[in-house]
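Down below is the structure, laid out as structure tokens.
There are 2 protein chains.
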Amino acid sequence: MTKIATIGCGLIGQGWATVFAKAGFDVAMYDASPEAAEHALSAMEGRVADLVAFDLVAACDALAILNRITVAPSLEDALEGVVYVQESGPERIEVKREITERLDALAAADVPIGSSTSGISASRYCKDIAGRHRCLVVHPINPPHLIPAVEIVPTPWTDPDIVSKTTELMGACQRETIVLTKEIDGFVVNRLQGALLEEAFKLVGSGIVSASDLDKAICDGLGLRWSFMGPMQTIHLNAPEGVEQYVERYGAMYRGFGLGHYDDVDWKDIVETGLKAQLETLIPVADIPIKQAERDRKLMALLRHKAQEKTEHRSVPNAPQE
Amino acid sequence: MTKIATIGCGLIGQGWATVFAKAGFDVAMYDASPEAAEHALSAMEGRVADLVAFDLVAACDALAILNRITVAPSLEDALEGVVYVQESGPERIEVKREITERLDALAAADVPIGSSTSGISASRYCKDIAGRHRCLVVHPINPPHLIPAVEIVPTPWTDPDIVSKTTELMGACQRETIVLTKEIDGFVVNRLQGALLEEAFKLVGSGIVSASDLDKAICDGLGLRWSFMGPMQTIHLNAPEGVEQYVERYGAMYRGFGLGHYDDVDWKDIVETGLKAQLETLIPVADIPIKQAERDRKLMALLRHKAQEKTEHRSVPNAPQE
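Residue numbers (my numbering), protein chains in the order written: chain A, 1 to 322; chain B, 1 to 322.
Next up, the structure:
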């Protein structure tokens with residue numbers, strides 16, 4: 001059996017504990033407040049029961065998963081014999097620095113110390129820590145036990161072996177890893193969300209569309225495909241010859257919208273210097289028709305799922321009537 | 001029985017014909033090329049068969065749906081007795097102007113003439129047309145018979161009655177309507193997509209992340225929630241007190257990312273002058289905990305659906321093995 005420590009027992013820490021225990025790891029939870037830790041442990045039962053109810057955990061595995069999670073009486077106990085540490089403490093630089101210093105002093109050499117921070121690049125608190133080579137951001141999306149994506153962000157000092165070890169471990173936990181080559185504020189997920197939100201605020205703020213209608217543009221429009229195919233593969237499939245042709249056809253149109261665009265970002269140039277090669281490795285141009293058909297099948301399966309969800313919701317006796 | 005004409009028999013026109021016939025309308029398809037029209041009609045069978053295979057159309061309704069669709073021998077025949085015209089011709093202003101002039105001359109008074117254009121505001125071609133008060137953009141997302149979202153964009157001259165009549169008709173066809181108050185390049189859907197793509201190109205172009213990993217940020221991250229809840233309601237549920245608190249907590253953080261933001265868009269101001277009121281009408285602050293629980297249930301149901309999809313795909317005997 002292999003052991004992981006989750007430090008900080010708020011919702012994020014609890015989500016992580018669920019993820020690790022579900023993947024077969026022993027999990028030691030620790031929180032500076034023993035009450036918080038005990039509360040977290042009891043909240044875990046409801047979380048695992050939910051996963052069972054939705055067939056995301058087999059009923060016969062639930063007890064074993066819960067039994068793998070314990071509350072450690074001290075930080076020393078939590079860290080003893082771990083292969084990985086996930087810190088989910090408060091979002092303040094000085095707190096991160098203090099916790100990480102203690103974790104670095106206690107955890108065995110070369111055990112990666114990942115932080116759940118969504119806003120603080122690890123270099124801002126680990127620069128002067130002896131084991132800074134093993135510190136990095138491992139950012140989940142809330143709730144961590146439901147959303148598979150995890151961002152892995154190394155500092156300038158993070159050892160590449162630490163990055164690969166962490167990426168492998170996250171893969172073993174059925175996480176979908178987004179590995180950044182270097183730090184950038186907001187990482188990838190929140191930058192993409194921020195860019196879309198900025199345009200959404202502009203459109204709603206200028207009275208062009210209501211918030212409710214704007215939401216439909218995503219949840220009845222773009223978001224359907226995006227739930228199983230990212231934006232890059234989406235545009236690659238939206239022209240018969242792939243992304244290069246897509247940018248030829250529509251690049252100028254997008255530029256013409258006068259969006260809050262970067263002056264130094266040239267789509268055509270980015271396509272030629274690497275994006276085209278990357279996307280054609282994932283989906284060769286010759287495979288585009290097959291992949292388009294597959295996309296439409298997935299879309300229809302999703303629509304069927306959504307329709308079933310609506311029917312099931314309606315059939316609950318006490319559900320509010322539409 | 002009520003009749004609709006779809007003008008132009010490419011993929012978009014075919015998708016529309018499926019939508020209207022499925023909703024019980026008689027559909028007259030017309031294309032300047034009779035071969036294109038006949039080809040479209042035969043392609044329709046495959047499309048309806050797909051919908052049947054995914055339980056989106058009852059098997060016993062398929063024949064009736066197909067029987068409601070005919071190819072009209074002339075534009076005059078297509079337009080006779082229609083309650084609505086959907087034009088899906090080539091994306092060139094002069095072509096749109098010429099087609100729309102003819103449609104306006106032939107269709108009965110006050111029949112709305114909607115254009116499927118994704119890039120041309122209707123004012124750019126209908127200004128000098130006698131019936132410009134009944135012209136507007138009715139923009140589907142490809143493929144129109146699968147994606148429910150439809151953008152309705154009036155020109156400065158479009159009669160509000162035409163807008164409401166069209167919105168009602170689209171609702172009767174199970175479309176989710178996004179009604180704009182005025183024209184803007186790219187409308188809402190492609191502006192949101194463009195804003196996200198610009199950030200995506202920047203991140204991939206600067207080598208911070210691979211296209212494949214960037215895609216995961218959406219299809220294993222943000223896109224899961226977005227397939228059933230738009231970005232505005234998402235942020236409203238991401239703070240205990242709703243959108244106002246969300247912007248207080250995270251507004252400065254997003255601004256600090258240095259995204260390609262607008263200088264004149266102030267999130268706090270937009271919240272106070274209307275967005276908060278709109279979102280609290282949709283989801284009162286007191287209901288936020290209930291709606292959060294509902295969101296998590298939908299998320300788990302979606303994860304179960306995705307897991308089942310993977311298993312079913314794997315169980316196909318000739319499917320490529322992972």
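All C-beta atoms, glycine included, are put in the ideal place defined by N, C-alpha and C.
Item to check | For threonine 177 of chain B: DSSP bridge partner residues | outcome: For this step, residue 177 of chain B is matched to residue 177 along the second sequence. In the DSSP output, where bridge partners are listed per residue, threonine 177 of chain B has B/Val150.
Next on the checklist: DSSP three-state label for lysine 96 of chain A, please.
Outcome noted: Locating residue 96 of chain A in the first sequence gives position 96, counting from the first residue. Helix, per DSSP.
Item to check | N-terminal and C-terminal residue of the beta strand (DSSP E) that lysine 3 of chain B is part of | outcome: As a working note, residue 3 of chain B is residue 3 in the second sequence. Element bounds for lysine 3 of chain B: 3 to 7.
Checklist entry - Exposed or buried, serine 42 of chain B, counting other C-beta atoms within 10 Å across all chains shown (16 or more means buried)? => result To locate residue 42 of chain B, count along the second sequence from 1; it is residue 42. Under this definition serine 42 of chain B is an exposed residue.
Item to check | Residues that methionine 253 of chain A contacts on chain B, provided the C-beta gap is smaller than 9 Å | outcome: Residue mapping note: residue 253 of chain A aligns to position 253 of the first sequence, counting from 1. Going along chain B in sequence order, the residues near methionine 253 of chain A (Cβ under 9 Å) are Ser118, Gly119, Asp185, Gly186, Asn190 and Gly194.
Next on the checklist: Suppose contacts are defined by Cβ-Cβ distances below 8 Å. Is arginine 175 of chain B in contact with proline 148 of chain B by that definition?
Outcome noted: In the second sequence, counting from the first residue as 1, residue 175 of chain B sits at position 175. In the second sequence, counting from the first residue as 1, residue 148 of chain B sits at position 148. Going by C-beta atoms, arginine 175 of chain B is nearer than 8 Å to proline 148 of chain B.
Item to check | Cβ pair arginine 132 of chain B, tryptophan 157 of chain B closer than 8 Å | outcome: Working through the second sequence from its first residue, we reach residue 132 of chain B at position 132. Working through the second sequence from its first residue, we reach residue 157 of chain B at position 157. Contact: yes.
Item to check | Terminal residues of the beta strand (DSSP E) in which cysteine 135 of chain B lies | outcome: Taking the first residue of the second sequence as position 1, residue 135 of chain B is located at position 135. Note, cysteine 135 of chain B: beta strand (DSSP E), 135 to 140.
Next on the checklist: By alpha-carbon positions, which one of B/Tyr254, B/Ala217 and B/Met29 ends up nearest to alanine 78 of chain B?
Outcome noted: Counted from its first residue, the second sequence places residue 78 of chain B at position 78. If we check each option's Cα against that of alanine 78 of chain B, B/Met29 comes out closest.
Next on the checklist: Quick check on this structure: which residue in A/Val271, A/Lys3 and A/Ile283 has the alpha carbon closest to the alpha carbon of glycine 205 of chain B?
Outcome noted: Sequence index remark: in the second sequence, residue 205 of chain B carries index 205 (1-based). When only C-alpha atoms are compared, the closest one is A/Val271.
Checklist entry - Can you tell me whether DSSP reads threonine 117 of chain B as helix, strand or coil? => result Within the second sequence, numbered from 1, the residue matching residue 117 of chain B stands at position 117. The answer is coil: DSSP assigns threonine 117 of chain B none of H, G, I, E or B.
Checklist entry - Within 10 angstroms of its Cβ, does leucine 63 of chain A collect 16 or more other Cβ (buried), or is it exposed? => result For the purposes of this step, residue 63 of chain A is taken as residue 63 along the first sequence, with counting starting at 1. Exposed, since its Cβ has fewer than 16 Cβ neighbours within 10 Å.
Item to check | Residues bridged to valine 71 of chain A [DSSP beta-bridge criterion] | outcome: Counted from its first residue, the first sequence places residue 71 of chain A at position 71. According to DSSP, valine 71 of chain A bridges with A/Met29.
Checklist entry - Bridge partners of aspartate 85 of chain A, per DSSP? => result As a position in the first sequence, residue 85 of chain A is number 85, starting the count at 1. Reading off the sequence shown, one finds valine at residue 85 of chain A, where the question assumed aspartate. Note: valine 85 of chain A sits in a beta bridge opposite A/Ala5 and A/Ile113.
Checklist entry - For the alpha helix (DSSP H) that contains tryptophan 267 of chain B, what are its first and last residues? => result Position 267 of the second sequence, counted from the start, is the residue given in the question as residue 267 of chain B. Where tryptophan 267 of chain B is concerned, the enclosing alpha helix (DSSP H) stretches over 267 to 270.
Checklist entry - Can you list the beta strand (DSSP E) stretches of 3 or more residues lying completely in the stretch 175 to 228 of chain B, in chain order? => result 176 to 179
Checklist entry - Going along chain B, which residues have a C-beta under 9 Å from histidine 261 of chain A? => result Position 261 of the first sequence, counted from the start, is the residue given in the question as residue 261 of chain A. Residues of chain B passing the Cβ test: Gly194, Ala195, Glu198 and Gly260.
Checklist entry - Around the Cβ of glutamine 308 of chain A, are there at least 16 other Cβ atoms within 10 angstroms (buried) or fewer (exposed)? => result Indexing the first sequence from 1 puts residue 308 of chain A at position 308. It is exposed - the Cβ of glutamine 308 of chain A has fewer than 16 other Cβ atoms within 10 Å.
Item to check | Residues that glutamine 233 of chain B contacts on chain A, provided the C-beta gap is smaller than 9 Å | outcome: Indexing the second sequence from 1 puts residue 233 of chain B at position 233. Under the 9 Å cutoff, chain A gives Ala211, Ser212, Asp215 and Cys219.
Item to check | C-beta neighbour in chain A for arginine 304 of chain B, strict 8 Å | outcome: Counted from its first residue, the second sequence places residue 304 of chain B at position 304. Answer yes: the Cβ-Cβ gap between arginine 304 of chain B and chain A drops below 8 Å somewhere.
Checklist entry - Ordered along the chain, which non-local residues of its own chain (more than five positions away) have a Cβ less than 7 Å from that of serine 227 of chain A? => result Along the first sequence, one-based indexing puts residue 227 of chain A at 227. Excluding residues within five positions, the ones whose Cβ falls inside 7 Å are Leu302.
Next on the checklist: Does glutamate 322 of chain A come out as helix, strand or coil in the three-state DSSP assignment?
Outcome noted: Residue mapping note: residue 322 of chain A aligns to position 322 of the first sequence, counting from 1. Its pLDDT being 38, under 50, glutamate 322 of chain A is placed unreliably in this model, and the value from its coordinates should be taken loosely. Three-state DSSP puts glutamate 322 of chain A in coil, outside helix and strand.
Next on the checklist: Relative to the C-alpha of leucine 56 of chain B, which candidate in B/Val209, B/Leu146 and B/Gly194 has its C-alpha closest?
Outcome noted: Looking up residue 56 of chain B in the second sequence gives position 56. Of the candidates B/Val209, B/Leu146 and B/Gly194, the one whose C-alpha sits nearest the C-alpha of leucine 56 of chain B is B/Leu146.
Next on the checklist: Under 8 Å, Cβ to Cβ, is there at least one residue of chain B near valine 353 of chain A?
Outcome noted: Limits of chain A in this structure are 1 at one end and 322 at the other, which puts residue 353 of chain A out of reach.
Checklist entry - Quick one, which of B/Glu101, B/Thr6 and B/Val52 has its alpha-carbon nearest lysine 127 of chain B's? => result Position 127 of the second sequence holds residue 127 of chain B. Out of B/Glu101, B/Thr6 and B/Val52, B/Glu101 has the C-alpha closest to the C-alpha of lysine 127 of chain B.
Checklist entry - Quick one, which of A/Ser121, A/Ala21, A/Val137 and A/Asp31 has its alpha-carbon nearest methionine 44 of chain A's? => result As a working mapping, residue 44 of chain A is identified with position 44 in the first sequence. Nearest of A/Ser121, A/Ala21, A/Val137 and A/Asp31 to methionine 44 of chain A, Cα basis: A/Ala21.
Item to check | Range covered by the alpha helix (DSSP H) that runs through tyrosine 262 of chain A | outcome: In the first sequence, the residue the question calls residue 262 of chain A occupies position 262. Counting along the chain, tyrosine 262 of chain A falls outside any alpha helix (DSSP H), and DSSP gives it neither H nor E.
Item to check | lysine 182 of chain A: contacting residues in chain E (beta-carbon distance under 8 Å) | outcome: Any reference to chain E falls outside this structure, whose protein chains are A and B.
Checklist entry - Are glycine 8 of chain B and serine 74 of chain B touching if we call contact CB-CB under 8 Å? => result Taking the first residue of the second sequence as 1, we reach residue 8 of chain B at position 8. Taking the first residue of the second sequence as 1, we reach residue 74 of chain B at position 74. No, they are not a contact pair.
Next on the checklist: I want to know whether the stretch 182 to 190 of chain A touches the stretch 113 to 124 of chain A - three or more CB-CB distances under 8 Å.
Outcome noted: yes
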